[in-house]
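Those sequence lines, one after another, are chains A and B. 0 is the number of the first residue of the first sequence in numbering that gives the first Met the number 0; add one for each residue after it. 0 is the number of the first residue of the second sequence in numbering that gives the first Met the number 0; add one for each residue after it. Cβ atoms here follow ideal geometry from the backbone N, Cα and C, with glycine treated the same way. Predicted model only: the values in this text are computed from it and were never measured.
2 protein chains.
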Amino acid sequence: MRRAVTIKHVAAEAGVSLQTVSRVINKGPNVRPAVIERVEAAVAKLGYVPSLAARRMGGNRSFLLMALNDRDRTIEAWTSGQGADWVDQMLMGGMLRCAESGYHMIFELIDTHSAHVEREVQAAISALRPDGLILTPPHSDNPQITGLLVRLGLPFARLCSETPGDGFAISMNEALAAQVAVEHLLDLGHRRIGFITGSDEYAVSAVRREGWRRAHEDRGLPLDPALEGDGDFTFESGERATATLLALAEPPTAILASNDQMALAAQTVAAARGLQVPHDLSIVSFDDTPVVRFSRPPMTAVVQPIAEMTRAAADLLIRATANVDHLPTSVVVPFGLAVRGSSAPPRS
Amino acid sequence: MRRAVTIKHVAAEAGVSLQTVSRVINKGPNVRPAVIERVEAAVAKLGYVPSLAARRMGGNRSFLLMALNDRDRTIEAWTSGQGADWVDQMLMGGMLRCAESGYHMIFELIDTHSAHVEREVQAAISALRPDGLILTPPHSDNPQITGLLVRLGLPFARLCSETPGDGFAISMNEALAAQVAVEHLLDLGHRRIGFITGSDEYAVSAVRREGWRRAHEDRGLPLDPALEGDGDFTFESGERATATLLALAEPPTAILASNDQMALAAQTVAAARGLQVPHDLSIVSFDDTPVVRFSRPPMTAVVQPIAEMTRAAADLLIRATANVDHLPTSVVVPFGLAVRGSSAPPRS
DNA sequence: CTGTTAGCGCCTTCAA
DNA sequence: TTGAAGGCGCTAACAG
Numbered sequence: 000m001r002r003a004v005t006i007k008h009v010a011a012e013a014g015v016s017l018q019t020v021s022r023v024i025n026k027g028p029n030v031r032p033a034v035i036e037r038v039e040a041a042v043a044k045l046g047y048v049p050s051l052a053a054r055r056m057g058g059n060r061s062f063l064l065m066a067l068n069d070r071d072r073t074i075e076a077w078t079s080g081q082g083a084d085w086v087d088q089m090l091m092g093g094m095l096r097c098a099e100s101g102y103h104m105i106f107e108l109i110d111t112h113s114a115h116v117e118r119e120v121q122a123a124i125s126a127l128r129p130d131g132l133i134l135t136p137p138h139s140d141n142p143q144i145t146g147l148l149v150r151l152g153l154p155f156a157r158l159c160s161e162t163p164g165d166g167f168a169i170s171m172n173e174a175l176a177a178q179v180a181v182e183h184l185l186d187l188g189h190r191r192i193g194f195i196t197g198s199d200e201y202a203v204s205a206v207r208r209e210g211w212r213r214a215h216e217d218r219g220l221p222l223d224p225a226l227e228g229d230g231d232f233t234f235e236s237g238e239r240a241t242a243t244l245l246a247l248a249e250p251p252t253a254i255l256a257s258n259d260q261m262a263l264a265a266q267t268v269a270a271a272r273g274l275q276v277p278h279d280l281s282i283v284s285f286d287d288t289p290v291v292r293f294s295r296p297p298m299t300a301v302v303q304p305i306a307e308m309t310r311a312a313a314d315l316l317i318r319a320t321a322n323v324d325h326l327p328t329s330v331v332v333p334f335g336l337a338v339r340g341s342s343a344p345p346r347s
Numbered sequence: 000m001r002r003a004v005t006i007k008h009v010a011a012e013a014g015v016s017l018q019t020v021s022r023v024i025n026k027g028p029n030v031r032p033a034v035i036e037r038v039e040a041a042v043a044k045l046g047y048v049p050s051l052a053a054r055r056m057g058g059n060r061s062f063l064l065m066a067l068n069d070r071d072r073t074i075e076a077w078t079s080g081q082g083a084d085w086v087d088q089m090l091m092g093g094m095l096r097c098a099e100s101g102y103h104m105i106f107e108l109i110d111t112h113s114a115h116v117e118r119e120v121q122a123a124i125s126a127l128r129p130d131g132l133i134l135t136p137p138h139s140d141n142p143q144i145t146g147l148l149v150r151l152g153l154p155f156a157r158l159c160s161e162t163p164g165d166g167f168a169i170s171m172n173e174a175l176a177a178q179v180a181v182e183h184l185l186d187l188g189h190r191r192i193g194f195i196t197g198s199d200e201y202a203v204s205a206v207r208r209e210g211w212r213r214a215h216e217d218r219g220l221p222l223d224p225a226l227e228g229d230g231d232f233t234f235e236s237g238e239r240a241t242a243t244l245l246a247l248a249e250p251p252t253a254i255l256a257s258n259d260q261m262a263l264a265a266q267t268v269a270a271a272r273g274l275q276v277p278h279d280l281s282i283v284s285f286d287d288t289p290v291v292r293f294s295r296p297p298m299t300a301v302v303q304p305i306a307e308m309t310r311a312a313a314d315l316l317i318r319a320t321a322n323v324d325h326l327p328t329s330v331v332v333p334f335g336l337a338v339r340g341s342s343a344p345p346r347s
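1. Count the other C-beta atoms from every protein chain shown that fall within 10 angstroms of the C-beta of Pro154 (chain A), then say buried if there are 16 or more, exposed otherwise.
2. Let me know the secondary structure DSSP gives His103 (chain A) once reduced to three states.
3. Since Arg348 (chain A) meets chain B, which of its residues come closer than 7 Å, beta carbon to beta carbon?
4. Is the distance from the Cβ of Asn322 (chain B) to the Cβ of Phe285 (chain B) below 7 Å?
5. Should Met171 (chain B) and Val330 (chain B) be called a contact, given that it needs their Cβ atoms to be closer than 7 Å?
6. Contact defined as beta carbons within less than 8 Å: I believe His115 (chain A) pairs with Asp69 (chain A). What is the distance between those atoms, to the nearest angstrom?
7. In the DSSP assignment, the alpha helix (DSSP H) including Gly146 (chain A) goes from what residue to what residue?
8. When burial is assigned at 16 or more other CB atoms within 10 Å of the CB, is Leu127 (chain A) buried or exposed?
9. Taking its Cβ as the centre, do 16 or more other Cβ atoms sit within 10 Å of Asn141 (chain A), making it buried, or is it exposed?
10. Find out if the Cβ-Cβ distance for the pair Thr252 (chain A), Arg191 (chain A) is shorter than 7 Å.
11. List, in order along the chain, the chain A residues whose C-beta lies closer than 9 Å to that of Arg128 (chain B)?
12. Run through chain A and tell me which residues come within less than 9 Å of Gly237 (chain B), C-beta to C-beta.
13. Exposed or buried, what is Thr162 (chain B) when buried is set at 16 or more other beta-carbons lying within 10 Å of its beta-carbon?
14. At a CB distance below 9 Å, what residues from the segment 104 to 122 of chain B approach chain A? Give them in sequence order.
15. Can you name the start and end residues of the beta strand (DSSP E) that Met56 (chain B) belongs to?
16. Can you find the residues in the same chain that come closer than 7 Å, C-beta to C-beta, to Ala337 (chain A), ignoring five residues on each side of it along the sequence?
17. Count the other CB atoms, across all protein chains shown, that sit within 10 Å of the CB of Gly92 (chain B); report buried if there are 16 or more and exposed otherwise.
18. Met356 (chain B) by DSSP, collapsed to three states: which one?
19. For Met56 (chain B), which residues in chain A fall below 7 Å Cβ to Cβ?
20. Counting pairs of Cβ atoms below 8 Å between the segment 4 to 13 of chain A and the segment 25 to 44 of chain A, do you hit three or more?
21. Counting only Cβ-Cβ distances shorter than 9 Å, please list the residues of the segment 298 to 315 of chain A near chain B, keeping chain order.
22. Based on Cα-Cα distance, which residue from B:Leu151, B:Glu235, B:Phe232, B:Ala256 lies nearest to Gly210 (chain B)?
23. For a cutoff of 7 Å on Cβ pairs, would you count Asp69 (chain A) as touching chain B?
24. Quick check for students: name the residue ranges of the alpha helix (DSSP H) that lie wholly in the segment 243 to 292 of chain B, counting only runs of 4 or more.
25. Whether or not the segment 61 to 77 of chain B and the segment 104 to 118 of chain B are in contact is what I'm after, with contact meaning three or more pairs of Cβ atoms, one per stretch, closer than 8 Å; do they touch?
26. For Glu119 (chain B), count neighbouring C-beta atoms within 10 Å of its own C-beta (all shown protein chains included) and say buried if the count is 16 or more, exposed if not.
27. Less than 8 Å between the CB atoms is what I'm expecting for Leu244 (chain A) and Ile254 (chain A), so what's the real figure, rounded?
28. Give the DSSP-derived three-state secondary structure of Phe234 (chain A) in the structure shown.
29. For a contact defined as C-beta to C-beta under 9 Å, what are the partners of Ser294 (chain A) on chain B?
30. Taking Cβ positions only, does Asp87 (chain B) come closer than 7 Å to chain A?
31. My assumption, with CB atoms under 8 Å, is that Gly82 (chain A) sits in contact with Pro289 (chain A). Please give the rounded CB distance.
32. Using beta-carbon positions only, say whether Ser125 (chain A) and Val48 (chain B) come within less than 7 Å of one another.
33. Considering only residues of the segment 104 to 141 of chain A, which uninterrupted alpha helix (DSSP H) runs meet the minimum length of 4 residues and lie entirely inside it, listed in chain order?
34. Output yes or no for whether 7 Å exceeds the beta carbon distance between Arg339 (chain B) and His278 (chain B).
35. Determine the direct distance from the alpha carbon of Lys26 (chain A) to that of Ser236 (chain A), and round the result to whole angstroms.
36. May I have the straight-line CA-CA distance separating Ala214 (chain A) from Gly146 (chain A), to the nearest angstrom?
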């Protein structure tokens with residue numbers, strides 16, 4: 000195997016010292032333009048690329064960002080092949096931003112429920128020494144993890160977390176998104192709008208419900224508590240909640256579900272009862288994973304900007320590592336509402 | 000930031016030398032069981048995890064496997080949100096296998112068409128110094144890349160490549176898969192089975208067509224060359240090919256498409272012409288990305304075992320790095336045929 | 001502005 | 001069976 004080209008070769012080629020090359024590579028100050036040019040020419044000629052491993056040894060940066068996902072949920076999503084694309088979207092936002100600054104992103108799966116969360120995270124960090132971490136739900140609000148990172152002094156971003164606290168909180172305005180979704184239905188003429196909640200384990204669940212409530216309040220419309228259905232993000236819970244809602248004496252004419260799977264469940268239950276979507280029952284979902292684009296009819300959905308959030312997270316972490324000051328402690332990324340065929344005015 | 004625990008701390012804790020700890024970590028020979036035990040206790044107590052960066056500096060292993068994907072195609076898949084899950088499946092197979100041996104997997108996007116492929120790959124390697132590479136199509140058969148890796152002496156695996164050559168070739172039996180898909184249609188009673196090819200840029204395209212041909216040959220059935228439609232893996236090409244096939248004087252009663260997108264296109268075109276799937280036209284697709292499970296009717300599809308292939312690739316690379324001998328130069332992973340609602344006997 | 005020195009944490013080689 | 005010395009490629013701290 001051909002020996003790799005190192006900073007030494009570049010130094011020799013350019014006729015300068017090791018350190019000068021290092022300065023040029025890291026855009027350090029105090030190098031004459033003429034020397035910079037000579038070094039850069041040598042770098043290009045030799046095709047030199049610094050070794051990340053060595054950089055992390057000498058200095059204190061690894062140029063690595065680590066994303067922590069929930070083990071069970073991620074594997075479940077992969078195995079079931081239900082078309083969720085969280086990881087893809089994260090990679091798209093995060094990897095591309097990392098590449099812009101010579102960083103790399105690496106994924107790790109961590110078991111939230113394990114008694115050893117802390118040890119697991121610590122092990123991953125010890126092995127790779129990332130410059131920053133990106134936490135996804137439910138890790139984002141796990142004090143065991145955030146506490147550890149604070150103790151280690153490692154910068155981190157919490158995706159989809161609106162709670163203030165340590166690290167950067169990156170989120171969309173979940174409450175407003177729910178509100179906008181409900182307003183969309185109200186504008187269509189619906190007055191009884193059911194809501195299927197998410198699992199209590201996730202902070203967003205309560206926030207989304209709050210948006211549903213506020214949409215009614217803002218317009219001075221009454222809200223029947225019976226229209227709140229109990230879900231936990233699974234398809235089955237969506238089926239149960241929908242069945243309960245449709246069994247009401249005065250059933251809803253529209254349902255907002257806290258995620259796509261439960262919205263699909265609502266669609267299935269509606270179909271089973273001979274209800275036509277959207278005319279007998281409008282459905283709006285949350286997240287907009289690819290699968291809802293292929294349902295019949297395609298689903299109106301709140302678009303969760305995962306790629307943008309991850310990009311923002313990577314951006315902040317990279318800048319934090321470069322000691323940029325005055326960074327915001329939280330970022331709110333705009334959400335979208337994709338209006339498709341599952342929402343329409345109610346039958347009059 | 001609390002200083003990280005290093006091999007030195009462990010050595011001190013266990014009352015042995017640095018080197019002995021290193022031997023225990025790496026399961027080296029010549030250490031007394033009693034000492035091993037003492038060291039292991041110290042490791043556990045201190046929560047020591049070796050730094051990958053340091054390991055790669057001193058020794059020669061980085062415990063990193065690098066997967067190279069085509070930049071444009073991957074970003075296109077992520078952006079379009081069409082529900083393909085190549086990357087997820089690769090991560091599932093690769094990451095989990097890596098984790099079993101303390102390895103990590105990292106993704107890189109490489110532009111195949113760029114004049115600088117070689118430089119791009121070389122840069123990624125120089126930065127991360129992976130112990131092995133996993134190439135995905137179309138990189139798998141790119142001599143610029145494989146040639147470079149051979150020169151560098153880096154082990155690599157070529158996913159979905161059946162061509163013998165350098166590196167490990169990991170594939171499913173593409174020809175047999177196509178043949179089995181066609182036989183499924185023949186068994187249903189179809190006699191005019193159209194085929195939509197993939198892009199010539201991918202070696203599998205020709206191989207899949209060969210399976211279609213062989214299925215007929217094996218049963219002594221004639222094959223009308225007009226039944227071969229020209230595709231390039233895009234939805235649009237699938238539409239064109241289907242339109243051409245259906246315009247034949249004697250149109251096919253079934254179509255096998257070389258990937259899911261083209262199969263969906265066939266379904267769309269059929270619907271637009273008032274043809275009912277599967278009764279007027281049966282459709283079978285290749286790959287089985289999640290989206291085809293949600294089409295109406297759900298698509299019968301050849302299941303491409305991406306996770307298994309990536310797992311096999313990671314497994315071979317890890318073993319190769321550990322100098323295990325007698326490794327196979329190629330691995331054929333079993334494929335599947337998911338029979339769903341898009342295939343049925345033709346109208347008699 | 002530029003060069004020199006001293007590690008970073010680990011593994012390889014050699015000596016005990 | 002164990003330990004000590006040297007170096008991997010780079011950067012921080014200090015000299016010049």
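Working from what's here:
1. buried
2. Assigned with DSSP and collapsed to three states, His103 (chain A) falls in strand.
3. Chain A is shown from 0 up to 347; residue 348 (chain A) falls before or after that span and cannot be answered.
4. It is not a contact, given that the beta carbons lie outside the stated cut-off.
5. no
6. That pair is no contact at about 14 Å.
7. Taken as a continuous stretch (DSSP letters only), the alpha helix (DSSP H) holding Gly146 (chain A) covers 142 to 151.
8. buried
9. Result: buried.
10. yes
11. Counting only Cβ-Cβ distances below 9 Å, Arg128 (chain B) has contacts in chain A at Ala3, Ser50, Leu51, Ala52, in chain order.
12. What Gly237 (chain B) touches in chain A: nothing, since even the nearest Cβ is about 16 Å away.
13. exposed
14. The residues in question are Met104, Ile105, Phe106, Glu107, Leu108, Arg118, Gln121, Ala122.
15. Counting along the chain, Met56 (chain B) falls outside any beta strand (DSSP E), though it belongs to the alpha helix (DSSP H) covering 51 to 57.
16. Excluding sequence neighbours, Ala337 (chain A) sits near Asp287, Thr299, Ala300, Val302.
17. buried
18. The first residue shown for chain B is 0 and the last is 347, placing residue 356 (chain B) beyond what the model contains.
19. Ala52, Ala53, Met56
20. Short answer: they touch.
21. Ala306
22. B:Ala256
23. Taking Cβ atoms only, chain B never reaches closer than 7 Å to Asp69 (chain A), which makes this a no.
24. 259 to 271
25. yes
26. The residue in question, Glu119 (chain B), is buried, as its Cβ has 16 or more Cβ neighbours within 10 Å.
27. 7 Å
28. Residue state, collapsed to three classes: helix.
29. Going along chain B in sequence order, the residues near Ser294 (chain A) (Cβ under 9 Å) are Phe293.
30. yes
31. 5 Å
32. yes
33. Listed in chain order, they are 116 to 127.
34. No, they are not a contact pair.
35. 55 Å
36. Using only the alpha carbons, I get a separation of about 36 Å.
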